[in-house]
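Going down the list, the protein sequences come from chains A, B and C. The number in this note's numbering is simply the position in the first sequence, starting from 1, with 6 added. The number in this note's numbering is simply the position in the second sequence, starting from 1, with 716 added. The number in this note's numbering is simply the position in the third sequence, starting from 1, with 2 added. Cβ atoms here follow ideal geometry from the backbone N, Cα and C, with glycine treated the same way.
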Amino acid sequence: MRHYFPILLCLVACLLPGVAAAADLHPPAQVTAGSDFSIASDANGEGTFYLVGPANVSKRKVMVNGSIAVDGEEIEGAGRYTAILCVSGHCDSAAFFVQPDAPSRLSLLVHPSRVRVNAPNAISAAAFVFDKYRNMILAPQNVQFSATPREGNATTTTRSAENGVAWIRLTSASKEGPAKIGATIGKATEVRVVQQVASEACNLRIKANWISRQLWVETDPIRDCSGNAVPDGTVISFTKLDDSGKTTVDAPVKRGIARVQMPVQGNARISVASGVVTGNEIQMAGER
Amino acid sequence: MNRILAGGILVATLLLIGLAWLQSGGVERRRMEAAETPDQAVKLMLTDVQAHRWAAAHDRLANSADIDLNAYIHDLGGTNGSLRTYATLEGFEVWGLHTAGDEATMRAKLHYSTAVGPLDDVRDIKVQRTSKAWKVVWPTNSAPKLAPQVIPVNYLRWDIINRGSSDDWGVQNVDAPQVRIISMNAIQRPDRVVVLGEVVNEDTVPAYVNVGAVLLDKNDREIAQEISFDKISHTLLPKQVSPYRIDFPNIKLEQLKSVRMEPKAMLVPASADPVIAVDSQQIETDALGKKVLRGRLINQSGQIVNIPHVLASYYDSNGKVIWVSDGYVDQELLPQIPVSFAVDVPNDVAANIHSYHVVVNYYNNNS
Amino acid sequence: MTGLGRRTLLVVAVLVTMGYQIHAQHGGPSLPSVQLNVDDLGPRSIEDLTSKSVPRDYALAWQTMARALAENRVDLLNGYFTGLAKEKLTQRIEAQRKAGIHVIYTDRGHKLTGLFYSPAGDAMQLRDNAQLEIQTLDGNTLLQKEQVGLQYMVIMTPGADRWLVRDLQTTQKH
């Protein structure tokens, strides 16, 4: 046994800094982010105080006299902190948790930014609750969601945030236009806008007219099945088959209709489509 | 000694000048300066065109007095930022179609190299024997011009304001457009597998679209991945449909178990103009005996389209997309002036074509 | 045991112990093990690819964070951190550098539990039970060393080609 003594001595000497010292620091059980507090200590005299937290680390010389004052600015980030006090080459440490402050901010995720009308559960809103220092608040909180159409009153729903998150799903309205989706907690309110847009063209129809010896083909005002006008810029494909072959024109809707000029040789068949939606077909004789 | 050295240098210099002259085709030029055959007349003119000696080429025309030099340059060298203006005449082949007395018709196939790949232009050229030599008769039909006028355009475009990089998390951004692949077909070609089909922009905003495909083997391992590159109309307006084609050289269809399609779309600013009509579409056999889809492009708007790009999808009797072909047009599209195009169709595919759909993509210098 | 044998054993013991400490202080941290449990994840179902990339990217985030805190290098945070997590860690590293402190994490593994996956797939909240050894050093002086089991609340959001840690907050175990 005597032979192994030097080895054990060496191991102890090498690992000594790692051995936990008796805790001489006594932080309070509950600390709120951003608030001043003090850590009680049994030590006396001049020492070095370290505070290691999630977003801040500080080191300062202190004269320990029963307690060490900590400024609220040093603990704005919620989470686990380690306080270390070194006096006369001997260091003691203690860990404590800083809790978030009251709810005062929301991060609101709303999707999509555009949605077709009458789409069930197509809009989702998720609110993440934070305090003023942007610490996530995990304690249950009520978040009020609201949806406000362009014309009409807002509808509201309250959801409890679990682990700091509250969320809802909404069905888009039958009328196109922007809808404001909001979330509120305390004085904090966040609003996002979802554009509700017309669905696929419904009952797509064309007609043809001779104007100044030119054949003009145009659609009726293009609307979806709820009566919403499809947005300008939507491409309408016109196809004509006649003696000269096939003619195709992709024309955008402007002011609610799409219109093209098409020369005709002999008898012609003209059809229309928008995306995967097809419309009517008309027969035309050549120039009169 | 000094005299010998000076003499040697002089001889070497003359030798080098002579070699350079031979290298630049001097003998051939000298021999063809006065073309003795119709073939020589065309080659001589095209040699000058290739070297951008426009005036010399113009002087060789039998009807040079009737042809404006600038119009001649524009015809061969392109104008208005068209693809031809970025092209270099790499070479040409000339052969006779028929000769009758002092007149002959030659066919010239001009090979251009361009930023989008090689481009061929086949022209039938009339040649005439004058008192001195054979000379090219250049067509006098000048490029059509549009009468000065105002073309009203209800200007429609989409601009985008994205969220700033410093914005908080959760600050809403505008979503990427919704696009959907509406058809996909993987086919075997002699030297490659080709994945083709059509994609639609289902959204109410313009989309910059790219379609990617990943080939998977029987163990679901990736064999290859590729994107549609320029075989697609990238900018799709709301509800617009584009064909796409993705080529996988040196791969056999029997190696594949499945294909994973990856359509990608980005929100981009775009304009609803110009509208380009595709007129007189016909599948024909060209002068070289190949099947081509021909037609005319008519720019219905008031602005010039610099580089038009034609994409066509072909369907069988069941409405299935069986081929996608494309071609760049080396001429610009002036407002209202029809410009012809032709895109190749493989002969074996042509036999099964029941219908087809043509879309026109374009690249503008100022866009 | 002979005198030579004893001396050899002594040298080996010293070398092994010193080597362990040197490795712990200066060696690059290895990729920690991360197990993901998605049994209670909702409302969106996790995609197959996401269920692989989240634990992989979280492990890579911890690996780079451990190195960043040990070497006081803010640049290492760019790969796997964004938003609040990146801001807070950047502040901490800058403060560590100013105070001449560095912290060495020896990672013993993470058990991740998926709590919330947003309907649009743009955010995931997870709880992490991590086993760590933490050493706090002022220069080369070891101030404190502890073996701890910590609980973290994590928010991850998708980036261009990976999932990024957006918030990382230690929470008290109840």
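Cα atoms of B:VAL765 and A:ILE242: separation of roughly 44 Å, rounded to the nearest angstrom. Residues LYS848, ALA849 of the same chain have their beta carbon placed closer than 8 Å to that of B:ALA750, with the five preceding and five following residues left out of the count. With respect to chain B, the C-beta atom of C:GLY85 has a partner C-beta closer than 8 Å. Using a Cβ distance threshold of 8 Å, A:TYR56 and C:LEU145 count as a contacting pair. Within the model, the alpha-carbon separation for B:SER944 versus B:LEU1027 is close to 12 Å. Under the 8 Å criterion on CB atoms, A:HIS96 is classed as non-interfacial with respect to chain C. Residue burial is scored here from C-beta neighbours: B:ASN1077 has at least 16 other C-beta atoms within 10 angstroms and is therefore classed as buried. Ranked by Cα distance from B:SER1041, the first of B:PRO922, B:VAL911, B:ALA1003 is B:VAL911.
Residue environment for C:PRO121: buried (at least 16 other C-beta atoms within 10 angstroms of its C-beta).
Taking every protein chain shown into account, the CB of B:VAL727 has fewer than 16 other CB atoms within 10 angstroms, so this residue is exposed. Looking at the DSSP output, A:ARG111 bridges to A:PHE136. In the DSSP annotation of this structure, C:GLU96 is not part of any beta strand (DSSP E); the continuous alpha helix (DSSP H) holding it starts and ends at 85-101. A:ALA133 is a Cβ neighbour of A:ALA172, given a cutoff of 8 Å. Close partners of A:THR240 in chain C (Cβ separation under 9 Å) are lacking, with about 25 Å as the shortest Cβ gap. Straight across, the Cα-Cα distance linking A:GLU206 with A:ASN234 is about 10 Å. Check the Cα spacing between B:ALA1058 and each of B:VAL1074, B:ILE1069, B:LEU1050: the tightest is with B:VAL1074. A contact is defined here as three or more CB-CB pairs under 8 Å, and the segment 96-111 of chain C meets this definition with respect to the segment 131-138 of chain C. Contacts between B:TRP885 and chain C, judged by CB atoms closer than 7 Å, involve GLY85, ARG168 in chain order. Taking a Cβ-Cβ threshold of 7 Å, the residues of chain B close to A:VAL203 are THR920, in chain order. About 6 Å separates the beta carbons of B:LEU805 and B:LEU826, which is inside the 8 Å limit, making them a contact pair. Shortest Cα-Cα distance from C:ALA97 to any of C:SER47, C:ILE48, C:TYR119, C:GLU73 involves C:GLU73. Going by beta carbons, A:ALA39 and A:ASP137 fall inside the 8 Å limit.
If you draw a straight line from the Cα of B:ASN889 to the Cα of B:LEU931, it is about 33 Å long. Residue state for B:SER996 is assigned as strand, using DSSP reduced to three classes.
When beta bridges are read from the DSSP output, A:ASP98 appears opposite A:LEU91.
When rounded, the separation of the alpha-carbon atoms in A:GLY83 and A:GLY239 is 50 Å. Residue burial annotation: A:ASP98 is buried, with at least 16 other C-beta atoms found within 10 angstroms of its C-beta.
Taken atom to atom, the span from the alpha-carbon of C:PHE83 to that of B:LEU1013 is near 52 Å. Taking all protein chains shown into account, B:HIS774 has 16 or more neighbouring C-beta atoms within 10 Å of its C-beta and is therefore buried. DSSP places C:SER53 in the uninterrupted alpha helix (DSSP H) bounded by 50-73. In its chain, beyond the 5 residues on either side, LEU1050, PRO1051, GLN1052, ILE1053 have a beta carbon closer than 7 Å to the beta carbon of B:LEU862. For the 8 Å CB-CB criterion, B:ARG908 and B:PHE964 form a contact.
Interface residue (Cβ-Cβ distance to chain B less than 8 Å): A:ARG198 is classified as such. Of all residues in the segment 99-119 of chain A, those with a C-beta nearer than 8 Å to a C-beta of chain B are LEU112, SER113, LEU114, LEU115, VAL116, HIS117, PRO118, SER119, reading in chain order. If you look at B:MET761, you'll find it in the alpha helix (DSSP H) that goes 754-766. Exposed is the label assigned to A:GLY158, since fewer than 16 other Cβ atoms lie within 10 Å of its Cβ.
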